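**Student:** In this note's numbering, the protein residues as written are 103 to 306. Glycine residues also receive a C-beta, built at the ideal position from the N, C-alpha and C atoms. Owing to the predicted nature of the structure, the values given are computational and were not obtained by experimental measurement.
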């Protein structure tokens, strides 16, 4: 089984050792905001303890005990946003694969509790193999990530869920809130659900 690390920017899986980092800083319009200003404060923001139940609703944003409060930032479709790591140390020091999902809120992202198949992937940093003889993980030791939003992303408010699938443990990180302007007429997909996308028995 591959253990998972996430942001609802968020996620989950299990093991005995915890990854000691979160993604509390949203970088938008070239500016890094204060920690937990534009990202929902996670239940584990102090202890950094992992979420080990893939069927838990907290696999989405891991903020059930913190009321899901954050400020929503306006960004243009096609612009670049990012998320910075905080922890000990403040890098993605565990080897693993990183994925970023978005979910469009029905109206405002603030206070929205996503459910069902509403998430779609917009970015990933996969493992690199050499004909099956070796494997490396380019996301390892990054202090943060950045990625372009799709140019045809529909206008509206979204949650941003960043997930780090480590080789040893599941972890969840907060959900960033963005309001996309100047969007297009794209139809995001395929849509997946958190919980629902993982069983805890994924191969590899």
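1) What did DSSP end up calling residue 298 once you bin it into helix, strand or coil?
2) Measure the alpha-carbon distance for residue 288 versus residue 257 and round it to whole angstroms.
3) To the nearest angstrom, how far is it from the Cα of residue 72 to the Cα of residue 159?
4) Quick check: the Cα distance between residue 262 and residue 193, rounded to an integer number of angstroms?
5) Could you check if residue 201 belongs to the surroundings of the ligand COA, using beta carbon to heavy atom distance under 7 Å?
6) If you drop the 5 nearest sequence neighbours on each side, which residues of the same chain put their C-beta closer than 6 Å to that of residue 43?
7) Report all residues from its chain with a CB closer than 6 Å to the CB of residue 190; omit the five preceding and five following residues, and keep chain order.
8) Give the range of the beta strand (DSSP E) segment to which residue 126 is assigned.
9) Under a Cβ-count criterion, where at least 16 other Cβ atoms within 10 Å of its own Cβ denotes burial, should residue 215 be classed as buried or exposed?
10) In terms of alpha-carbon separation, which member of 223, 180, 234 lies closest to residue 265?
11) Measure the C-alpha to C-alpha separation of residue 295 and residue 180 and round it to an integer number of angstroms.
12) What's the C-alpha gap between residue 267 and residue 221?
13) Can you give me the C-alpha to C-alpha distance between residue 196 and residue 241, rounded to a whole angstrom?
14) Beta carbon of residue 163, beta carbon of residue 302: below 8 Å?
15) Restricting to Cα atoms, I'd like to know which of 188, 139, 182, 155 is closest to residue 225.
16) How big is the Cα-Cα spacing for residue 127 and residue 234?
17) Give me the DSSP bridge partner(s) of residue 226.
18) Can you check whether the CB of residue 186 is closer than 8 Å to the CB of residue 129?
19) Going straight from the alpha carbon of residue 260 to that of residue 245, what length do you get?
20) Taking its Cβ as the centre, do 16 or more other Cβ atoms sit within 10 Å of residue 253, making it buried, or is it exposed?
21) Please name the residue in 139, 134, 135, 157 whose C-alpha comes closest to that of residue 300.
22) For residue 279 and residue 228, I'd like the C-alpha separation in whole angstroms.
**Tutor:** Taking the geometry as given:
1) Three-state result, residue 298: coil.
2) Answer to the nearest angstrom: the Cα atoms are 10 Å apart.
3) Only positions 103 to 306 of the chain appear in this structure, which leaves residue 72 out of reach.
4) A direct Cα-to-Cα measurement between residue 262 and residue 193 gives close to 19 Å.
5) Here there are no bound small molecules, and the ligand COA is not part of this structure.
6) Limits of the chain in this structure are 103 at one end and 306 at the other, which puts residue 43 out of reach.
7) The answer, listed in chain order, is 122.
8) 123 to 130 is the span of the beta strand (DSSP E), which, as asked, contains residue 126.
9) It counts as exposed.
10) It is 223 whose Cα lies nearest to the Cα of residue 265.
11) Their backbone Cα atoms lie some 25 Å apart in a straight line.
12) When rounded, the separation of the alpha-carbon atoms in residue 267 and residue 221 is 17 Å.
13) Between residue 196 and residue 241, the C-alpha separation is close to 9 Å.
14) Contact: no.
15) If we check each option's Cα against that of residue 225, 182 comes out closest.
16) C-alpha separation (whole angstroms): 36 Å.
17) According to DSSP, residue 226 bridges with 201.
18) Closer than 8 Å, so yes.
19) Going by the C-alpha atoms only, they are around 24 Å apart.
20) Flag for residue 253 reads exposed.
21) When 139, 134, 135, 157 are compared, the shortest CA-CA separation from residue 300 is found for 157.
22) Taking the Cα positions, residue 279 is about 24 Å away from residue 228.
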